[in-house]
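Quick note on numbering: numbering that gives the first Met the number 0 labels position 372 of the sequence shown as 371, and the sequence is numbered without any gaps.
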Amino acid sequence: MSVVIKADKVSKLYRLGVISSKTLSQDFNRFLARLRGKEDPYLKIGALNSRDIKNENDFVFALKDISFEINKGEIVGIIGKNGAGKSTLLKILSRVTTPSTGNLKVKGRIASLLEVGTGFHQELTGRENIYLNGSILGMSKKEITGKFDEIVDFSGVETYIDTPVKRYSSGMYVRLAFAVAAHLEPEILIVDEVLAVGDAEFQKKCLGKMQEVSSRDGRTILFVSHNMGAISSLCTSAILLEKGLLKSSGSTDNIISQYLTTENSLKPFQEFEDQDTEVYFKKIAIHSDKEESASNELDVRFPVTIKFSYKVKNFINGTSIAFSIYSKSGTKLFYSSVKIDELLENIDDKTGAHTAEVTIPGYFLTPGSYFINASLQIENIQMFDFKEGTLHFEIIESGTSLHKFKGKDIGLVLVDLEWKNSVYETAL
Numbered sequence: 000m001s002v003v004i005k006a007d008k009v010s011k012l013y014r015l016g017v018i019s020s021k022t023l024s025q026d027f028n029r030f031l032a033r034l035r036g037k038e039d040p041y042l043k044i045g046a047l048n049s050r051d052i053k054n055e056n057d058f059v060f061a062l063k064d065i066s067f068e069i070n071k072g073e074i075v076g077i078i079g080k081n082g083a084g085k086s087t088l089l090k091i092l093s094r095v096t097t098p099s100t101g102n103l104k105v106k107g108r109i110a111s112l113l114e115v116g117t118g119f120h121q122e123l124t125g126r127e128n129i130y131l132n133g134s135i136l137g138m139s140k141k142e143i144t145g146k147f148d149e150i151v152d153f154s155g156v157e158t159y160i161d162t163p164v165k166r167y168s169s170g171m172y173v174r175l176a177f178a179v180a181a182h183l184e185p186e187i188l189i190v191d192e193v194l195a196v197g198d199a200e201f202q203k204k205c206l207g208k209m210q211e212v213s214s215r216d217g218r219t220i221l222f223v224s225h226n227m228g229a230i231s232s233l234c235t236s237a238i239l240l241e242k243g244l245l246k247s248s249g250s251t252d253n254i255i256s257q258y259l260t261t262e263n264s265l266k267p268f269q270e271f272e273d274q275d276t277e278v279y280f281k282k283i284a285i286h287s288d289k290e291e292s293a294s295n296e297l298d299v300r301f302p303v304t305i306k307f308s309y310k311v312k313n314f315i316n317g318t319s320i321a322f323s324i325y326s327k328s329g330t331k332l333f334y335s336s337v338k339i340d341e342l343l344e345n346i347d348d349k350t351g352a353h354t355a356e357v358t359i360p361g362y363f364l365t366p367g368s369y370f371i372n373a374s375l376q377i378e379n380i381q382m383f384d385f386k387e388g389t390l391h392f393e394i395i396e397s398g399t400s401l402h403k404f405k406g407k408d409i410g411l412v413l414v415d416l417e418w419k420n421s422v423y424e425t426a427l
């Protein structure tokens, strides 16, 4: 198969606190280094990007020496924690920004859906933006008109198609933006986590469309998502980024497994530094009801308690603690949330440090590997703190009859149901 994207030691260096990392003297020193056949002197002083530790360096690598190839028709998932460099890589591929060093070759037209607010002219209507985007991709007006009805129908914004997009909600915007990107026939489609803005039904519709255009038309798709279930079902291969480095690439299942079993996520607890936001996590830990200390090996028979320690600097009504539990394959098992207002209703001064606990009953999760995502947010409005894959734990079988089912699919959850028996009467 033909290679449509080739990255060769691509790096992106930023200087913290300034708009541009380049000065005239730095450009001159770089020029002298090239004449002498030496490495860029400023690449030696950059630190890798990490949100886990405070960076004392003025320069930071969002990406460092990234190399890979993507073939025509592949659907490639790009996986990594927040700050790993995923969005920076997509912006370089989309030509929104340029790499500091390295070479990138892209063959074909690119349509990108990177974040809400990009790609459309805010003052133009939905109709006008469809024609504008088609023209940018090199399509004629006749070609765009031939796709117009299909785009509008897929997006579901027909009523508002002649309204300026600045009046659209974020959900409407994403619907139209994805419909335009998917239907105007680019050779390469780049989709960031922006689809999370849409509802579940539309997300499913988008995943189906991406699968269709790849298999039917041979288009190449790069897809970033924190939803490992979506990555697993859609992507033919995956790339794992960590702190700006390409940690691994290969089959989707193998990369997801590596991502979910990183060194930090294997701890039964995680502690976090103070943040400059209204409310943030300080510690998240998982316990068995039979043990006082944190543990990430938990007996299937006993309840599991998750403790969320958090700090409130400025109390805002409507803020929730939320978490989701995922299987090793990335399937979301369930989501739960509670408003901090309810937890602290009997406390006058709600600022300061607090710990919330939630208990999952025993005989609920089947033996296997799981991980947790946690957030502090005003749902669908503002995200204060998000911890992705913050804890990894194992549910183990011990002293039960479940070992008889080893190797068989017994589902994702166990349910303790009440059974009754009565004499069957043929004549009712």
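Backbone N, C-alpha and C define an ideal beta-carbon position, used for all residues, glycine too. This one's a predicted model, so the numbers in the text were calculated from it and none came from an experiment.
Bounding residues of the alpha helix (DSSP H) (the contiguous stretch that carries residue i)
| i | result |
| --- | --- |
| His182 | Ser169 to His182 |
| Val299 | Element bounds for Val299: n/a, residue is neither H nor E. |
| Ser86 | Lys85 to Leu92 |
| Lys140 | Lys140 to Ser154 |
| Asp64 | Element bounds for Asp64: not the alpha helix (DSSP H) but the beta strand (DSSP E), Phe58 to Asn70. |
| Glu341 | Ile339 to Leu342 |
Secondary structure of residue i, DSSP reduced to three states
| i | result |
| --- | --- |
| Asp252 | helix |
| Ser134 | helix |
| Asn428 | Since the first residue shown for the chain is 0 and the last is 427, residue 428 is missing from the structure and cannot be characterised. |
| Phe119 | coil |
| Lys106 | coil |
| Glu393 | strand |
| Phe272 | Contrary to the premise, residue 272 reads as Glu rather than Phe in this sequence. Reduced to three states, the DSSP call for Glu272 is coil. |
| Phe363 | coil |
| Leu413 | coil |
| Gly82 | coil |
| Val95 | coil |
| Thr100 | strand |
| Leu206 | helix |
| Ile129 | helix |
| Phe314 | coil |
| Gly243 | coil |
| Ile52 | Low confidence applies here, because Ile52 scores a pLDDT of 47, under 50, leaving its location unreliable; read the following figure in that light. Coil, per DSSP. |
| Ser294 | coil |
Residue(s) in a DSSP beta bridge with residue i
| i | result |
| --- | --- |
| His286 | Thr304 |
| Gly76 | Phe222 and Ala237 |
| Met382 | Gln376 |
| Pro163 | Thr124 |
| Tyr309 | Phe280 and His353 |
| Lys331 | Tyr325 |
| Leu112 | Val190 |
| Ser369 | Rather than Ser, the amino acid found at residue 369 in this sequence is Tyr. Answer by DSSP bridge pairing, in chain order: Ser326 and Phe392. |
| Ser428 | Only positions 0 to 427 of the chain appear in the structure, and residue 428 is not among them; the question remains open. |
Beta-carbon proximity check, residue i vs residue j, cutoff 8 Å
| i | j | result |
| --- | --- | --- |
| Phe370 | Gly388 | yes |
| Ser349 | Phe314 | Contrary to the premise, residue 349 reads as Lys rather than Ser in this sequence. Result yes, Cβ atoms of Lys349 and Phe314 sit closer than 8 Å. |
| Leu188 | Ile220 | yes |
| Ile395 | Val303 | no |
| Lys306 | His286 | yes |
| Val3 | Val75 | no |
| Phe222 | Leu233 | yes |
| Ser326 | Leu411 | yes |
| Gly72 | Ser248 | no |
| Thr251 | Ile238 | no |
| Tyr159 | Tyr172 | no |
| Phe268 | Ala293 | yes |
| Val164 | Phe119 | yes |
| Ser319 | Gln376 | yes |
| Pro366 | Val414 | no |
| Phe322 | Ser308 | no |
| Lys312 | Glu277 | yes |
| Ala352 | Ile283 | no |
| Ile69 | Ile254 | no |
| Met227 | Leu183 | no |
| Arg108 | Leu136 | yes |
| Phe385 | Asn28 | no |
Any non-hydrogen atom of the ligand ZN closer than 7 Å to residue i Cβ
| i | result |
| --- | --- |
| Ser134 | Annotation note on the ligand ZN: not contained in the displayed structure, which lists no ligands. |
First through last residue of the beta strand (DSSP E) which encompasses residue i
| i | result |
| --- | --- |
| Asp7 | Val2 to Arg14 |
| Leu188 | Ile187 to Val190 |
| Glu356 | Gly351 to Ile359 |
| Ala321 | Ser319 to Ser326 |
Touching or not, the stretch 170-189 and the stretch 94-101, by the rule of three or more beta carbon pairs under 8 Å?
-> Taking 8 Å as the limit for Cβ pairs, the verdict is that the stretch 94-101 does not touch the stretch 170-189.
Validate contact between the stretch 240-248 and the stretch 58-71 using beta carbons, cut 8 Å, 3 pairs = yes
Contact the stretch 78-92 vs the stretch 127-139: 3+ CB pairs below 8 Å = Not touching, per the Cβ criterion.
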